[in-house]
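For reference, the structure is listed below as C-alpha cells.
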RNA sequence: GCGGAGGUGGCGAAAUGGCAGACGCGCCAGACUUAGGAUCUGGUGCUUUCGGGCGUAGGGGUUCAAGUCCCCUCCUCCGCACCA
C-alpha cells in the first residue's frame, strides 16, 4: 500500500521508516581511517534547556545537509552531537521545579535527543559527548591540572566581574555591554580571590593566527571582532618615583612622544598605591579619599565605562617625579582609570588625550602643548577647546621638536630606553580567563585547601573529583556543595592531613573548549582523546554556529587547541578551519523568545508538515548568514514543492520504473527540446554542487532544484527518449535533493526500484558534453541599451558574430541614419554598438 | 567615538562589470471540481500617447556597458566602547 504524501500521518510514517532503516544499517557510523579523505562537520552543541528551538533546527539542518552531501562526495565524514550540559539554568530549574540539576538535565537530554532524531539528522550517536557526565568532566579536571603544571593556572585576589543575580563571578568575555551575558543584570566589580587561566600568554599567537590561519575560512566580521577583543597596543612603560612614599609608580602609554606634556598622574581607585597614600595622609583627608574611592567603585561597570560619564577626580597631596624632566607631578585618583588595563595608572597628557583634557579643564590642571597639527598653527594650552589626538608635529619637547609623531614615537622610546626612562611594552586588552564559578552544577576544580600546604592539586590518579548528584539546590547564589561536609572534607595529597575541597566549579566554557576532540575518541577511558584520532580528524573542516560566540567560545577553543598541542597530545593549533555563522530565526521582527511569545515549536511544525519540509524551508528561506524570517506561508510553499516532487514520481511510477538505467548521451539527442532538457539536468548538477560546496548558498541550491522540477513538469515531449530523460532527471533531482530532504527522497528512490539506499548513493556528476549550449541569445545593445535579442549558434568567433549581427535586419533597422563609431563584441553574449546622431 | 555589515518589487530573495528581479511567498485571472485554504495553466517592478521612458537609499565619477568598481551624503543593523 503506497503512502499518501498529502497526509501528515503518512509523512511521519515515511520519516520513521527511513530513520529506522538508516539506524539498522548503521549508515552514519564513522571510524578513524587514514586511507580515506576525512571531513569533520561540526555544529555548536546545544545546552539542554528543555527543547530544541528553531535556531538549533536551522544550525543542524545546515550541518546535516553538508554532512550528507560530503558523504556522497566520498568523504569520510565525522558528524555527531553532544550536550553542553553543565550550567546555571539547571540549578534555577532545580529550585523552581523541586528537582535535581542532574535529573532535570538528563531528562532534557533524552527529550532533545529524540527531537534531533525526528529531524533525521545523520549523527553518529556512538560518539556523543555529554559534558556533565564524569567520563567527560574528569578530563576537564585532567586538562586543568596540565595547565596548572605548565604554570597557566593561578589564584589571585583581584577586582572581578560579579553578577548579583547569578551570585557568581564572570569572565570578561561574559560581560556584554556591562551586563551579565546570561541574565543581563549590570555587573559590579568585587575584590575576590579567584582562579584564572593565563590565556594572555597566548594573546600574540591568538592574534597572529587570525590573519595567518583563519583568513579566508572565517567570516571577516568574526576575525575583526576577535582582533579587537584581543586588542594589541604597542607602547612603553614608564615609571614615576614617589619619594615621599618610597614607591615607584608605573604607567603604560602608546604616545611616549607626548611625555613632555604630562601635567598630572591619575590612578584607578582600586590601585594599591591609593591605600598606601591614605595611611600617610591626615585623617580627614584620608577619609575624604576613602569616600571618593567608595563612591567610584560602587558604580556599576556600565556607569564607570560610559565615555560620556562625568570624570571625577581626587587630588592627593603626593607627587611623582617626571622621569625625563625631574619635575614633581601631582597624583590624582580618577574614576575613568581602569584598574585592569595597563598598570591601572596613567600619565596625564591633556593636550593629546581628550579624556585627560576634559579632566584638566574641570580641575584647573595646566595644559602644555607638546604637539601641533601638521599643517596648522601652534596650540595654546590656555585657549584650546579639545585635545589634539591625531598624529602631528612634536613641540616643546627638547631636541625632539619638529619630528612628526610617526618618527617621534620610536625615536623617543629608543632614547628613553637608553636613558632608563621607559621600557618598550605591548599591552593586550584580552584579560586572563577567570575560570572559577561559585556554582554547584559544574566541573569541580580539582584542588584542595590544606591549612599546612596551602592550595594543592588533586593527583591525576585520584580523578575524577566527583560532583555529588543527589543534592538539593535551595537558593540562587549558594552552592549546595558548601552544605556537604562529607564531600568538602578530604585529606591533603601532600601531607595527608585534613583538608577542604575547593567548592568552586569551572566555567562551562571550559567544557565546550574541547568537546570536538572528544568526538574523535568517544569512550576513551585512558585519555581525553587519542592522538591518532585527533591527528586524523582535527582540525574541524566546517564549523557552524551563532555569531554570539565570536568572542567567547571561539576564543577559548582556539586557546585550548594551542595549549593541547603545546603539551603534545594534539597537533592542530587552530581547531576550526572554516566557520559559518548562521543568522537568527526571527518572527514578527524580533528574535524568537519566550518573553515575546513569538516562539514556534519545531515539534509542532514537524508534526504538521514533516521534518523534510521544515528542513527545506529553513534552508530555502534565506542565505545562511542572514536572519531568517519565520513564515508559516513559506513552510507551506516548501511543503507544496515536496508534494510536486512526490507526484512527479508517484503519478508516473510505471513509466519511470520502465526507463531506469537508460541514460542517453547528449550526442544521441536531436530534438532541441530534449537537448535543452538534458542540458537543464546537468547544469542543475553543476550549479547545485557549486552553490553548496563553494558559495554555501543553500537557498539558491534549492531554487535550482525547484527549477529542475518545473522543467520536468514542463517537458511536453512523449516517447521513449523523453521518458528515458525524465527518469534521468528524476534520479538526479532526488539525489541532489536528498541531503536537504532525506526521507521523502529515499522513499521515492525506493519506489523507483533502486536497491541501494539513496543516502549511500554517490553525488551525481555533471556530464561536460551535456553542458555545452547549442545556441545562445545574443543581446544587441545600441549605446548600452538593449535593442534586440538574436539567437545565434554557440561558439561563434568575435568576427563572425559581429558581422552577422550588424547585417541582421532587426539591427540595421535600429541603426538607420546613425553613424557607427565603435562596436564591442563579447562572444556568446553581447554586441554593443556605439553610434552618433 | 572606533570598527564592521548592509540598503534591490507588496514580502523572503537572485544576478564571474554584459538582458535587474532567478526561485519562493503573496496577489490577479483561468481550468478542473459538489466544494477548495487541493491541483494545474497563465499573469504579476513603475509608467506610457504602446514607439518607448524610468527603475537596485541619494548625489557625483570611471566605463561601450555599473546593483556590482571609485568618491561623497543619508539611513538601518551589529560588535567594541574612558583600553591610556
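Residue numbers (our numbering): 740 to 1576. Glycine is no exception: its CB is placed at the ideal position from the N, C-alpha and C atoms. Computed from a prediction, not measured in an experiment: that's the story for all the values here.
- When the Cα atoms are used, residue 1396 and residue 1492 turn out to be separated by approximately 7 Å.
- Judged by DSSP in its simplified three-state form, residue 1389 adopts helix.
- Annotation: the region 1012 to 1080 contains the following complete segments of the alpha helix (DSSP H) (minimum length 4 residues), in chain order: 1022 to 1036, 1040 to 1043.
- For the set 1072, 1119, 1083, 1204, the Cα lying nearest the Cα of residue 1181 is the one of 1204.
- Linking residue 1453 to residue 1410 through their CA atoms gives a straight-line distance of about 15 Å.
- At a Cβ-Cβ threshold of 8 Å, residue 1276 and residue 1267 do not count as neighbours.
- For residue 1338, the CB contacts under 6 Å within the same chain, skipping 5 residues up- and downstream, are 1331 in chain order.
- By the C-beta density criterion, residue 932 is exposed, having fewer than 16 other C-beta atoms within 10 angstroms.
- Under the rule that a run must span 4 or more residues, the alpha helix (DSSP H) segments found entirely inside the region 1177 to 1242 read 1224 to 1227.
- Judged by their CB atoms, residue 906 and residue 1210 are not nearer to each other than the 8 Å cut-off.
- Of the residues 1088, 793, 1075, 1333, the one whose Cα lies closest to the Cα of residue 1061 is 1088.
- In the structure shown, residue 932 falls within a strand segment according to DSSP collapsed to helix, strand and coil.
- Here DSSP, grouped into helix, strand and coil, assigns residue 800 to helix.
- The DSSP-derived three-state label of residue 1314 is coil.
- Our two residues, residue 996 and residue 1151, have alpha carbons roughly 6 Å apart in a direct line.
- Beta bridge pairing from DSSP links residue 1518 with 1528, 1569.
- Taken through DSSP and simplified to helix, strand or coil, residue 1484 comes out as helix.
- A distance below 6 Å between beta-carbons, with the five flanking residues on each side excluded, links residue 1198 to the following residues of its chain, in chain order: 1232.
- Across the set 1002, 1228, 1412, 867, the C-alpha of 1002 shows the shortest separation from the C-alpha of residue 1103.
- Judged by beta-carbon spacing, residue 1367 lies beyond the 8 Å limit of residue 958, meaning their Cβ atoms are not closer than that value.
- Counting along the chain, the unbroken beta strand (DSSP E) around residue 898 starts and ends at 892 to 902.
- Around residue 1499, the same chain offers 766 as residues with beta carbons nearer than 7 Å, after the five sequence neighbours per side are excluded.
- Contact holds between the region 1506 to 1513 and the region 1418 to 1428, because three or more Cβ pairs, one in each stretch, are under 8 Å apart.
- Nearest neighbour of residue 864 by Cα position, chosen from 896, 825, 817, 791, turns out to be 817.
- Cα atoms of residue 1408 and residue 1414: separation of roughly 6 Å, rounded to the nearest angstrom.
- Around the beta carbon of residue 813, a 10 Å sphere encloses fewer than 16 other beta carbons of the protein chains shown; the residue is thus reported as exposed.
- Between residue 1165 and residue 973, the gap from beta carbon to beta carbon is short of 8 Å.
- Nearest Cα to residue 1571 within the set 1552, 779, 1555, 1522: 1522.
- Restricting attention to beta strand (DSSP E) runs no shorter than 3 residues, the region 1431 to 1482 encloses none.
- Under a 10 Å Cβ-count criterion, residue 836 is classified as exposed, with fewer than 16 other Cβ atoms of the shown protein chains found around its own Cβ.
- Where residue 1166 is concerned, the enclosing beta strand (DSSP E) starts and stops at 1161 to 1167.
- Within the region 1375 to 1427, the runs of alpha helix (DSSP H) at least 4 residues long that lie entirely inside it are, in chain order, 1392 to 1397.
- The beta carbons of residue 1322 and residue 1365 sit about 5 Å from each other, so the pair counts as a contact at 8 Å.
- Taking 8 Å as the cut-off, the Cβ atoms of residue 908 and residue 1173 count as close.
- Closest option to residue 1460, judged by alpha-carbon separation, among 1401, 1287, 1312: 1401.
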